[in-house]
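S.K.: Residues 120 to 390 in the numbering used here are what the sequence shown lists, from first letter to last.
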Amino acid sequence: MHTITDYIIRERWEDFTTEEHDRWKFLFDRQMTIFQGRVAQEHIDSLKRLNISADRIPKFEEISKILKEHTGFEIAAVPGLVPEDIFFKMLKNRQFPSTTFLRTPDKIDYLQEPDIFHDIFGHIPLLVIPAFADYMEAFATIALKALERSAEDVIRAARIYWFTIEFGLIRQNGGLRTYGAGIVSSYKETIYCVEDPKPIRTQFDLARVMRTDYRIDDLQKNYFVIDSYEELFNATLQDHTALLDSLQKLPLIPAGTMIEGEENIPANTPL
Ligand code: HBI
Ligand code: FE
């Protein structure tokens, strides 16, 4: 029976080369040029609070010390993608698994699996927000319940993660901002997700998200919009078994389509 500790490794920060610290700086500075007006203010503020900067690749234990004071979350260094049950159990324990390698120059704009820039620059900042940290743990509870039930239910749970924690949008200052880790670590999608008229954007609804298909290797065809992080957490305060039962017979909703009664939320005016 594998356990969480089987997957925890040392960060080996001392092994990062000057080239890697420079590549981190390039990625960080490039995102900063497009962040204002496109990325949730909490994300921008939290990078400062956690001392995550362009200067160098951050040390996990330094970030964890501050993060723990805010929400009890801490970073756990892992070699790469971990099995789903381990991933969900770690999130339930308020441990966020972060990879410890940085993408290579040939993958500077996109890589399929998470690297340290995606995990630390993308995921960690929002975990200082109590409501978001509570939501992350509540998501893990739903996902662990889904694991007990069926592979289809695990796919339904993974969609929650995908459309909020990875690719979510939030209304702020009269416009749209992204809070999704998969977006804020991507130059192209940070602009596209809030400004491009192509994708549809509809109000977040947990059951609807759990029915919605997505592609992992392309710009998203649809996004879900929340008004607050509390809205995410409040959506999980329902009976998870009843929620999963209610979805069994409902058809999949293809990416990029709207259903009865939904409205397409207008994109931001391009900056
Ligand atoms: N492992 N390290 C890591 N990071 C992830 O984002 C991750 C994972 N294992 C499984 C997994 N994600 C998926 O099951 C979720 O995205 C739903
Ligand atoms: Fe991720």
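From the three backbone atoms N, C-alpha and C, an ideal C-beta is built for every residue, glycine too.
Can you check which of these residues, K144, F192, P316 and R330, is closest to D272 by C-alpha distance?
M.R.: When each option's Cα is compared against that of D272, the closest is R330.
S.K.: Scan the segment 261 to 309 and note each continuous beta strand (DSSP E) run of 3 residues or more that stays entirely inside, going in chain order.
M.R.: You should have 288 to 291 and 294 to 297.
S.K.: Bridge partners for P216 per DSSP, in chain order?
M.R.: In the DSSP output, where bridge partners are listed per residue, P216 has A195.
S.K.: What's the call for Y229, buried or exposed, on a 16-neighbour Cβ count within 10 Å?
M.R.: Looking at its Cβ environment, which holds fewer than 16 other Cβ atoms inside 10 Å, Y229 is exposed.
S.K.: How far does the beta strand (DSSP E) with T344 in it reach, from first residue to last?
M.R.: Reading the sequence as shown, one finds Val at residue 344 and not Thr. Per DSSP, V344 belongs to the beta strand (DSSP E) from N341 to I345.
S.K.: DSSP three-state label for V158, please.
M.R.: Strand.
S.K.: Since T309 contacts R157 with CB under 8 Å, what's their CB separation in whole angstroms?
M.R.: With 8 Å as the limit, T309 and R157 qualify as a contact, their Cβ atoms being about 6 Å apart.
S.K.: Nearer than 8 Å: is that true of the beta carbon of V303 relative to any heavy atom of ligand 1?
M.R.: For ligand 1, not one heavy atom lies less than 8 Å from the Cβ of V303.
S.K.: Hey, would you say I274 sits closer than 9 Å to L325, going by beta carbons?
M.R.: It is not a contact, given that the beta carbons lie outside the stated cut-off.
S.K.: Taking only three categories from DSSP, how would you classify I319?
M.R.: Here I319 sits in strand by DSSP.
S.K.: Please classify Q150 as buried or exposed, where buried requires at least 16 neighbouring CB atoms within 10 angstroms.
M.R.: Q150 should be labelled buried.
S.K.: Give me the Cα-Cα distance between E349 and L186, rounded to the nearest whole angstrom.
M.R.: The straight-line gap from Cα to Cα measures roughly 19 Å.
S.K.: Between the beta-carbon of I261 and the beta-carbon of H189, is there less than 9 Å?
M.R.: No.
S.K.: List the endpoints of the continuous alpha helix (DSSP H) containing F206.
M.R.: From DSSP, the alpha helix (DSSP H) with F206 extends over E203 to K211.
S.K.: By Cβ distance below 6 Å, which residues in the same chain neighbour R320 in space, the five residues on each side in sequence not counted?
M.R.: So the qualifying residues of the chain are Y342, V344 and I384.
S.K.: Among all the DSSP beta bridges, which residues are the ones paired with T331?
M.R.: T331 pairs with I372.
S.K.: Helix, strand or coil, according to DSSP, for A386 in the structure here?
M.R.: In the structure shown, A386 sits in coil (DSSP, three-state: anything other than H, G, I, E or B).
S.K.: When the Cα atoms are used, what is the spatial distance from A265 to D174?
M.R.: Taking the straight line from one Cα to the other gives about 41 Å.
S.K.: Is D238 near ligand 2 - that is, is its Cβ less than 8 Å away from at least one heavy atom of it?
M.R.: Yes, Cβ of D238 sits closer than 8 Å to a heavy atom of ligand 2.
S.K.: Going along the chain, which residues of its own chain have a beta-carbon closer than 7 Å to the beta-carbon of E285, five neighbours each way excluded?
M.R.: Counting only Cβ-Cβ distances below 7 Å, and skipping sequence neighbours, we find G299, A300 and G301.
S.K.: Looking at Q214: is its Cβ nearer than 9 Å to the Cβ of F192?
M.R.: In contact: Q214 and F192 (Cβ atoms closer than 9 Å).
S.K.: Taking all protein chains shown into account, do 16 or more other C-beta atoms lie within 10 angstroms of the C-beta of L363, making it buried, or fewer, making it exposed?
M.R.: When all chains shown are included, L363 counts as buried.
S.K.: Enumerate in chain order the residues of its own chain whose CB-to-CB distance from Y254 is below 7 Å, with the five nearest sequence positions on each side excluded.
M.R.: Y348, L351, F352 and T355, listed in sequence order.
S.K.: Nearest to I243 by CA position, among K226, I227 and L210, is which residue?
M.R.: Ranking the options by Cα distance to I243, first place goes to L210.
S.K.: Roughly how many angstroms lie between the CA atoms of G375 and E382, to the nearest whole one?
M.R.: Looking at the two C-alpha atoms, the distance is approximately 13 Å.
S.K.: Give the secondary structure of S365 by DSSP, where H, G and I count as helix, E and B as strand, and everything else as coil.
M.R.: Correct three-state label for S365: helix.
S.K.: For F251, I'd like the list of residues in its chain whose CB is within less than 6 Å of its CB, leaving aside the five on either flank, ordered along the chain.
M.R.: Result list for F251: L245 and Y348, in chain order.
S.K.: Could you tell me if T219 is buried or exposed, where buried requires 16 or more neighbouring beta carbons within 10 angstroms of its beta carbon?
M.R.: Buried is the call here.
S.K.: Got a sec? Which residues, its chain only, sit under 6 Å from Y333 by beta carbon, not counting five neighbours each side?
M.R.: Once the five neighbours on either side are set aside, the close Cβ partners of Y333 are W281 and A374.
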